[in-house]
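Here's the structure we're looking at; comments come further down.
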Amino acid sequence: MKNNISLKSGITQFSTVNSLLVGLYDGLFPVSHICSHGNFGIGCPDTMEGEMLINNGECYVAPADRQPRLMGQDEKVAFAQMAWFEPSIYFPVTHIKDKERLTEILLEQAQTSNLFIGFRLTGTFSAVKIRQPPSGLTPPYPPLVEVLKEQTEVTHSDMRGTILGFWTPPQYQGTSVAGIHIHFLDEEKLCGGHVMDIEIEQGQLEIQLYHRFDLHLPTDSVFLDADLNYENADEHIRTAEG
Numbered sequence: 007m008k009n010n011i012s013l014k015s016g017i018t019q020f021s022t023v024n025s026l027l028v029g030l031y032d033g034l035f036p037v038s039h040i041c042s043h044g045n046f047g048i049g050c051p052d053t054m055e056g057e058m059l060i061n062n063g064e065c066y067v068a069p070a071d072r073q074p075r076l077m078g079q080d081e082k083v084a085f086a087q088m089a090w091f092e093p094s095i096y097f098p099v100t101h102i103k104d105k106e107r108l109t110e111i112l113l114e115q116a117q118t119s120n121l122f123i124g125f126r127l128t129g130t131f132s133a134v135k136i137r138q139p140p141s142g143l144t145p146p147y148p149p150l151v152e153v154l155k156e157q158t159e160v161t162h163s164d165m166r167g168t169i170l171g172f173w174t175p176p177q178y179q180g181t182s183v184a185g186i187h188i189h190f191l192d193e194e195k196l197c198g199g200h201v202m203d204i205e206i207e208q209g210q211l212e213i214q215l216y217h218r219f220d221l222h223l224p225t226d227s228v229f230l231d232a233d234l235n236y237e238n239a240d241e242h243i244r245t246a247e248g
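Just so it is clear: in the sequence shown, position 103 is 109 by the numbering used here, and no numbers are missing.
As structure tokens, this is what we get:
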């Protein structure tokens with residue numbers, strides 16, 4: 007396992023999941039800034055417009071009512087996890103029946119659940135169940151659990167595309183999303199979103215382990231004055247993840 011860990015590798019996160027839980031959706035971090043900390047990641051844009059996927063330095067957002075689009079460098083982001091992705095483990099996979107089995111494979115290959123794990127899989131998907139938050143939110147924003155009651159959920163069948171995301175150790179729940187967190191973008195960039203469940207026909211799985219975690223917190227007055235002691239945070243994060 008030691009050969010799979012680079013001492014230079016780490017994840018940079020902007021804001022916290024607890025901030026989203028209480029309704030802090032204003033974008034504070036420019037795309038250009040988050041992408042200076044990695045070429046790979048996931049995130050949440052200004053006003054919860056959609057779900058973000060950053061792959062090979064290209065930052066896409068998938069809104070609920072429109073097809074995914076490439077984000078501009080000056081657009082703002084409310085939350086993001088970013089890393090430089092240089093996978094040290096890669097191998098073909100077939101017939102992964104659901105998100106739970108994908109998690110098992112990640113942890114088997116990593117040989118630990120105590121480090122951060124970045125992963126990407128490009129291939130063919132028998133089914134991808136995705137969600138997107140509603141567009142057009144305006145302040146004062148409702149808590150995330152209320153917003154997601156109006157989310158769009160759709161299952162796509164027989165698609166080619168890419169999933170990517172992170173495994174986060176359990177003790178970081180609230181700061182991040184503990185466990186597996188996945189976003190999807192199809193090959194033709196016509197649909198995408200947060201992955202609630204997935205059935206993988208075949209593809210190439212790439213994995214990298216990270217032993218450092220760098221957290222960048224907002225410094226605006228809204229964040230500084232917010233009460234982030236969110237009751238039922240674990241339950242609501244698990245509900246949001248699907």
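Glycine included, C-beta positions come from ideal geometry on N, C-alpha and C.
Residue of the options minimising C-alpha distance to residue i
i: residue 165; options: 237, 187 and 134; result: 134
i: residue 29; options: 177, 244 and 151; result: 151
i: residue 224; options: 175, 108, 106 and 36; result: 36
i: residue 47; options: 148, 233, 125 and 106; result: 125
i: residue 42; options: 52, 31 and 17; result: 17
i: residue 197; options: 77, 222 and 160; result: 160
i: residue 132; options: 104, 111, 154 and 153; result: 104
Backbone secondary structure at residue i - three-state DSSP
i: residue 73; result: coil
i: residue 221; result: strand
i: residue 155; result: helix
i: residue 45; result: coil
i: residue 112; result: helix
i: residue 24; result: helix
i: residue 150; result: helix
i: residue 7; result: No answer about residue 7 holds up, because its pLDDT of 48 lies below 50 and its placement is not dependable.
i: residue 184; result: coil
i: residue 161; result: strand
i: residue 64; result: strand
i: residue 144; result: coil
i: residue 226; result: coil
i: residue 245; result: helix
For residue i: DSSP bridge partner residues
i: residue 35; result: 83
i: residue 55; result: BP columns for residue 55 are empty, so no partner.
i: residue 205; result: 133
i: residue 232; result: According to DSSP, which records beta bridges pairwise, residue 232 is partnered with nothing at all.
i: residue 100; result: 208
i: residue 166; result: 130
i: residue 18; result: 88 and 220
i: residue 171; result: 125 and 188
i: residue 196; result: According to DSSP, which records beta bridges pairwise, residue 196 is partnered with nothing at all.
Distance between residue j and residue i (C-alpha atoms, nearest Å)
i: residue 191; j: residue 217; result: 27 Å
i: residue 139; j: residue 162; result: 17 Å
i: residue 157; j: residue 202; result: 12 Å
i: residue 71; j: residue 213; result: 32 Å
i: residue 215; j: residue 123; result: 5 Å
i: residue 242; j: residue 200; result: 16 Å
i: residue 27; j: residue 168; result: 27 Å
i: residue 235; j: residue 88; result: 25 Å
i: residue 146; j: residue 204; result: 34 Å
i: residue 21; j: residue 230; result: 12 Å
i: residue 73; j: residue 102; result: 27 Å
i: residue 179; j: residue 19; result: 13 Å
i: residue 24; j: residue 239; result: 7 Å
i: residue 7; j: residue 113; result: Since pLDDT at residue 7 reaches only 48, below the 50 mark, its modelled position is unreliable, and the value read off the structure follows with that caveat. When rounded, the distance between both Cα atoms is 12 Å.
i: residue 106; j: residue 245; result: 15 Å
i: residue 211; j: residue 144; result: 39 Å
i: residue 182; j: residue 174; result: 7 Å
i: residue 195; j: residue 63; result: 15 Å
Beta carbon of residue i nearer than 8 Å to that of residue j
i: residue 99; j: residue 50; result: no
i: residue 188; j: residue 209; result: no
i: residue 91; j: residue 45; result: yes
i: residue 40; j: residue 86; result: yes
i: residue 206; j: residue 129; result: yes
i: residue 136; j: residue 115; result: no
i: residue 141; j: residue 80; result: no
i: residue 66; j: residue 58; result: yes
i: residue 226; j: residue 34; result: yes
i: residue 118; j: residue 186; result: no
i: residue 32; j: residue 228; result: yes
Check: residue i C-beta below 7 Å from any heavy atom of the ligand HEM
i: residue 30; result: Because no ligand of any kind appears in the structure shown, any question about the ligand HEM cannot be addressed here.
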